[in-house]
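Per numbering that gives the first Met the number 0, the sequence shown starts with residue 0, numbered consecutively.
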Amino acid sequence: MPKKVIRKRGKRGICYAACRYRGILLQDSLETTDENLALQRLTQLKIQIDKGDYQSWKKTWSETEADYLKEDGRYEYIVRKHLRPFFSGKRIMEITNYDPKTGNSLVSEYFRVKGDLPESSLKKHARVMKWILQRGDRDFVLPAIIYRNKGFYQNQFMSILELDEIISLLEDQHQSLALVLAYTGLDLGDAVGLSWRDIDLQEQMIRTQRGKTGIKVDVPFTKAVSDVLQVRSRVRKLHDDRVFHTITGQGFQKAWKRALKKSSIEWNVRVKDLRHFFASFMLNNEVDHLTVVTLMGHTSVEMLKKRYGHFGDDTLRKAVKVFDKIESQSSNCLQVVCKS
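Right, dumping it as structure tokens:
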């Protein structure tokens, strides 16, 4: 083993780079005692230099996390509560490195530790993690993730009376956000992050992008949304372009749970059910499925059916009434069968 390429340090004999490549002195810890694996990681270092990504790859999680939060703070809670405690102090190269023999890495360990969280939550963690890590390693690809907790899907949706009752028990600022969520179908994170540049006052449209999928959505104002925006425009902040600059997602979640507890409603209505209300109400009022898919920012009708296709009894009865027209148009044979 050439001494100028890799050297071992400390009692554990951790391998460190000890060479120059393209004029850059490499002295990085290779995070292993296995010399063969260390050589592979040294090769990765050199590849990053060739791509011009070496300095980014050397950055710490905290540095790349800060860059991400400056540009997009919608998932700040996931970063602060989950990702930061796990990866803080680690460099990007440490996090993205994996053992080719076992497939183990800090990333796979994270999802093992967090495996009891619902699938929908872990998928958000995965997206945010990928966005942050790719700032330091453009070629980073998430490993295969096994979701142990498939989560919970609601099998009913809010009535207007239930919606009105919960909203009446919220504080004014939270009432405004709840109305926007119910009448636009936006996710909580997207609504909290909504900025005035997303509001097309001339065309009476909200034009934004779903943080979850990156799909652009255009949602027309309802009267309730228009009234909320007029009120919020009176409390705009000079250096903060957000419509709901006084509200955090976590704060709204807590306020919603308090209001639900005070209400007479006996089932667990979640903040997410405001989005369900938006879709299910339209479906129950004969709005075309493709139109609802477009407004929701989904990519398929199948997802719409799975998540939001909660049809009330009246809607189902109305649907089958189309067959009542057959009697007047049917052949004598059908009329005889029906009367026998």
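Where a beta carbon is used, it is the ideal one built from N, C-alpha and C, also for glycine.
When the Cα atoms are used, what is the spatial distance from residue i to residue j?
| i | j | result |
| --- | --- | --- |
| G142 | K129 | The amino acid occupying residue 142 in the given sequence is Pro; Gly does not appear at that position. The alpha-carbon atoms of P142 and K129 are separated by roughly 10 Å. |
| V140 | G250 | 33 Å |
| I198 | A223 | 15 Å |
| D186 | Y97 | 34 Å |
| L237 | W195 | 12 Å |
| L228 | A125 | 33 Å |
| D138 | T207 | 28 Å |
| L340 | D226 | Only positions 0 to 339 of the chain appear in the structure, and residue 340 is not among them; the question remains open. |
| G213 | G184 | 15 Å |
| F276 | F156 | 6 Å |
| L200 | V242 | 13 Å |
| D272 | W255 | 11 Å |
| T245 | G114 | 33 Å |
| K70 | V230 | Here the sequence assigns Glu to residue 70, which means Lys is not the residue at that position. Spanning the two alpha carbons is a distance of roughly 27 Å. |
Hey, quick one: how far does the alpha helix (DSSP H) through residue i stretch, first residue to last?
| i | result |
| --- | --- |
| T207 | From DSSP, T207 is part of no alpha helix (DSSP H) but of the beta strand (DSSP E) over 204-208. |
| V4 | Premise fails: V4 is in no alpha helix (DSSP H) and is neither H nor E. |
| A16 | First-last for A16: 13-16, but that is the beta strand (DSSP E), not the alpha helix (DSSP H). |
| K45 | 34-50 |
| R83 | 83-86 |
| V191 | 187-191 |
Among the residues of its own chain, which have a CB less than 6 Å from the CB of residue i, if the five just before and after it don't count?
| i | result |
| --- | --- |
| K58 | I91, G135 |
| I166 | Q174, A177 |
| Y53 | Q47 |
| I131 | T63, E64, Y67 |
| G164 | Residue identity differs from the one stated: residue 164 is Glu in this sequence, not Gly. So the qualifying residues of the chain are S262. |
DSSP three-state label for residue i, please.
| i | result |
| --- | --- |
| T59 | strand |
| Y98 | The question names Tyr, but residue 98 is Asp in the sequence shown. It is coil, neither helix nor strand. |
| S225 | helix |
| L24 | strand |
| D199 | strand |
| D217 | strand |
Excluding sequence positions up to five away, which residues of its chain have a Cβ less than 8 Å from the Cβ of residue i?
| i | result |
| --- | --- |
| Y15 | I5, R6, K7, R8, Q26, D27, S28, L29 |
| R19 | L25 |
| K344 | With the chain covering only 0 through 339, there is no way to say anything about residue 344. |
| W266 | Q155 |
Considering residue i, what are the terminal residues of the beta strand (DSSP E) in which it resides?
| i | result |
| --- | --- |
| Y109 | Run containing Y109: none in the beta strand (DSSP E); it sits in the alpha helix (DSSP H), 105-112. |
Quick one: what's got a C-beta closer than 7 Å to residue i's C-beta in the same chain, skipping five residues either side?
| i | result |
| --- | --- |
| G188 | R73, Y74, G210, G248 |
| N103 | Y97 |
| S87 | W60, S61 |
Does the beta carbon of residue i sit closer than 8 Å to a beta carbon anywhere in chain C?
| i | result |
| --- | --- |
| E161 | Chain labels in this structure do not include chain C; a single protein chain is all it has. |
Worksheet entry | Within the region 114-174, ranges of the alpha helix (DSSP H) (whole runs, at least 4 residues) | 118-132, 159-167
Item to complete: Identify every run of the alpha helix (DSSP H) within the region 228-304, keeping only runs that are complete inside it and at least 4 residues long; order them along the chain.
Response: 248-261, 271-283, 288-295
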